[in-house]
Amino acid sequence: MAQTLLASTYLGALDRCDRCGAQAYVRAVLAAGELLFCAHHGREYGEKLSRDALLVEDNSSVLRSSSGSAAA
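Just so we're aligned, residue 921 is where the sequence shown starts under our numbering, counting upward by one.
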(Lines of atoms letter the chains of each structure in order from A and count residues from 1; the text may use other names and numbers.)
(Lines give C-alpha, C1' and ligand atoms only; values in the text may rest on other atoms or scores of the structure.)
Protein backbone atom coordinates (compact mmCIF):
# COMPACT_ATOMS: atom_id res chain seq x y z
CA MET A 1 0.00 0.00 0.00
CA ALA A 2 1.43 3.38 -1.03
CA GLN A 3 1.21 6.33 1.33
CA THR A 4 0.65 9.87 0.15
CA LEU A 5 2.25 12.76 2.01
CA LEU A 6 -0.31 15.47 2.66
CA ALA A 7 1.27 18.90 2.49
CA SER A 8 0.06 21.66 4.76
CA THR A 9 -1.30 24.59 2.80
CA TYR A 10 -2.08 28.13 3.82
CA LEU A 11 -5.74 29.03 4.33
CA GLY A 12 -6.25 32.57 3.10
CA ALA A 13 -9.08 35.08 2.99
CA LEU A 14 -10.52 33.48 -0.14
CA ASP A 15 -10.90 30.06 1.54
CA ARG A 16 -14.46 29.84 2.82
CA CYS A 17 -16.31 27.59 5.28
CA ASP A 18 -18.25 24.87 3.47
CA ARG A 19 -21.04 25.20 6.04
CA CYS A 20 -21.65 28.97 6.28
CA GLY A 21 -19.30 30.81 3.91
CA ALA A 22 -17.22 32.59 6.58
CA GLN A 23 -13.43 32.62 6.33
CA ALA A 24 -12.03 29.11 6.80
CA TYR A 25 -9.50 28.35 9.51
CA VAL A 26 -9.90 24.55 9.67
CA ARG A 27 -9.11 22.10 6.86
CA ALA A 28 -10.22 18.47 7.12
CA VAL A 29 -8.87 16.00 4.58
CA LEU A 30 -11.17 13.00 4.21
CA ALA A 31 -10.91 9.95 1.97
CA ALA A 32 -13.49 11.52 -0.38
CA GLY A 33 -11.90 15.00 -0.47
CA GLU A 34 -11.41 18.00 1.76
CA LEU A 35 -13.72 20.24 3.75
CA LEU A 36 -13.04 23.75 5.02
CA PHE A 37 -14.65 25.21 8.12
CA CYS A 38 -14.69 28.50 10.00
CA ALA A 39 -13.46 28.36 13.60
CA HIS A 40 -17.03 27.98 14.91
CA HIS A 41 -17.93 25.02 12.70
CA GLY A 42 -14.47 23.53 13.14
CA ARG A 43 -15.15 23.37 16.88
CA GLU A 44 -18.71 22.11 16.32
CA TYR A 45 -17.57 19.19 14.14
CA GLY A 46 -14.13 18.77 15.73
CA GLU A 47 -14.77 15.48 17.53
CA LYS A 48 -16.22 13.80 14.44
CA LEU A 49 -13.49 15.22 12.20
CA SER A 50 -10.70 14.03 14.48
CA ARG A 51 -12.22 10.55 14.37
CA ASP A 52 -12.97 10.34 10.61
CA ALA A 53 -10.50 12.64 8.83
CA LEU A 54 -7.08 11.64 7.53
CA LEU A 55 -5.76 15.06 8.53
CA VAL A 56 -7.19 18.05 10.40
CA GLU A 57 -5.38 21.39 10.25
CA ASP A 58 -6.72 23.91 12.76
CA ASN A 59 -5.36 27.42 12.19
CA SER A 60 -7.96 29.14 14.39
CA SER A 61 -5.23 30.04 16.90
CA VAL A 62 -4.44 33.06 14.70
CA LEU A 63 -7.76 34.52 15.84
CA ARG A 64 -6.78 34.32 19.51
CA SER A 65 -3.25 35.61 18.96
CA SER A 66 -4.32 38.62 16.91
CA SER A 67 -7.50 39.55 18.81
CA GLY A 68 -5.66 41.84 21.24
CA SER A 69 -3.84 43.75 18.50
CA ALA A 70 -6.98 45.61 17.40
CA ALA A 71 -7.34 47.45 20.71
CA ALA A 72 -5.46 50.71 20.94
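Even glycine gets a Cβ: it sits at the ideal position worked out from N, Cα and C.
In this structure, TYR945 keeps its C-beta atom at 8 Å or more from the C-beta atom of LEU974.
A residue is called buried once 16 or more other Cβ atoms fall within 10 Å of its Cβ, and CYS940, having fewer, is exposed. DSSP, read as helix, strand or coil, puts ARG939 in coil. For ALA959, the uninterrupted alpha helix (DSSP H) run begins and ends at 959-964, by DSSP.
In the three-state reduction of the DSSP assignment, LEU975 falls in the strand class, which pools E and B.
Excluding sequence positions up to five before and after LEU969, its CB lies within less than 7 Å of the CB of ALA948 and VAL976, all in the same chain and listed in chain order.
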